[in-house]
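Below is one structure, written out as structure tokens; comments come after it.
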Amino acid sequence: MGEANRRGSFDERKAQAQRDNAGAFKLIERGEAPHYAFIIDRSPKGLQLLGALKKGPDEVRERVGSPAVQLWEASHFPYVVIWGTWGWSGGLTVQALDLQNLLAEGLPAVVARTLEKGGLCTFLPGVDDAVLDQVLGRIAELQPSTGSA
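If you're matching positions, the sequence shown starts at 2 in my numbering and goes up one per residue.
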């Protein structure tokens, strides 16, 4: 059985993602997920997410227009994580030299910051499909067994 068959058809995966996203947005609206983390790479999918964020609400536009994100855009680093708290300025911007660095250092830094602040974090990866499962798997591994992130 091929990998695509194990994960379901494209339409099935898309429908599941829409259900998952709807649940995440409900948590955000209720204030139960006060933090966000946009994980972006230089793939077309990542650049599409970055472009959409630049046209988003004022708060998001400010975060993605920050000097730290501009530095990433001008750099050779393939990954960046933009972490913040809804309704608050500032946040954390982590550049990663490669996928291994993102998984071993970048994502753990974001989860640590979330645990420090308290509450849930909504992760939105805009990365190439070839690495998406690794990124999602690492996020799942980093989730605490008690408390929240």
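Each residue gets a CB set at the ideal place from its N, CA and C atoms; glycine is no exception.
All of these numbers come straight from a predicted model, not from anything done at the bench.
Self-check item: Simplified DSSP assignment, three categories, for Trp84
Solution: Along the sequence shown, read from residue 1 onward, the residue named residue 84 stands at position 83. Trp84 falls in the strand class under three-state DSSP.
Quiz item: When you compare only the Cα positions, how much space is there between Pro58 and Val65?
Solution: What you label residue 58 is simply residue 57 of the sequence shown in a count that begins at 1. What you label residue 65 is simply residue 64 of the sequence shown in a count that begins at 1. A straight-line Cα-Cα distance of about 11 Å links Pro58 and Val65.
Practice problem: State the Cα-Cα distance for the pair Gln96 and Gly119, rounded to the nearest angstrom. | Solution: Residue mapping note: residue 96 aligns to position 95 of the sequence shown, counting from 1. Residue mapping note: residue 119 aligns to position 118 of the sequence shown, counting from 1. Going from the Cα of Gln96 to the Cα of Gly119 covers about 23 Å.
Quiz item: What's the call for Ala131, buried or exposed, on a 16-neighbour Cβ count within 10 Å?
Solution: For the purposes of this step, residue 131 is taken as residue 130 along the sequence shown, with counting starting at 1. Exposed.
Practice problem: May I ask which residues mark the beginning and end of the alpha helix (DSSP H) holding Val136? | Solution: Taking the first residue of the sequence shown as position 1, residue 136 is located at position 135. Segment Asp130 to Leu143, the alpha helix (DSSP H) holding Val136.
Quiz item: Does DSSP classify Gly120 as helix, strand or coil?
Solution: The count along the sequence shown starts at 1 and reaches residue 120 at position 119. Reduced to three states, the DSSP call for Gly120 is coil.
Exercise. Starting from Asp59, follow the alpha helix (DSSP H) in both directions and report where the run begins and ends.
Key: Residue 59 sits at position 58 when you count from the first residue of the sequence shown. Asp59 to Val65 is the span of the alpha helix (DSSP H), which, as asked, contains Asp59.
Quiz item: Where does Leu98 sit, in a helix, a strand or coil, going by DSSP?
Solution: On the sequence shown, position 97 is the one that residue 98 refers to. Three-state DSSP puts Leu98 in coil, outside helix and strand.
Quiz item: Touching or not, the segment 102 to 114 and the segment 44 to 63, by the rule of three or more beta carbon pairs under 8 Å?
Solution: no
Quiz item: Name the DSSP beta bridge partners of Gln39, please?
Solution: The residue labelled residue 39 in the question sits at position 38 within the sequence shown. Residue identity check: residue 39 is Phe in the sequence provided, not Gln. Note: Phe39 sits in a beta bridge opposite Ile83 and Leu125.
Quiz item: If Lys55 sits next to Gly127, beta carbons under 8 Å apart, how far is it from one beta carbon to the other, in whole angstroms?
Solution: As a first step, residue 55 is located in the sequence shown; it is residue number 54 there, counting from the start. As a first step, residue 127 is located in the sequence shown; it is residue number 126 there, counting from the start. About 12 Å separates the two Cβ atoms, so there is no contact after all.
Self-check item: N- and C-terminal bounds of the alpha helix (DSSP H) containing Leu103
Solution: Here residue 103 refers to the residue found at position 102 of the sequence shown. No alpha helix (DSSP H) holds Leu103; DSSP gives it neither H nor E.
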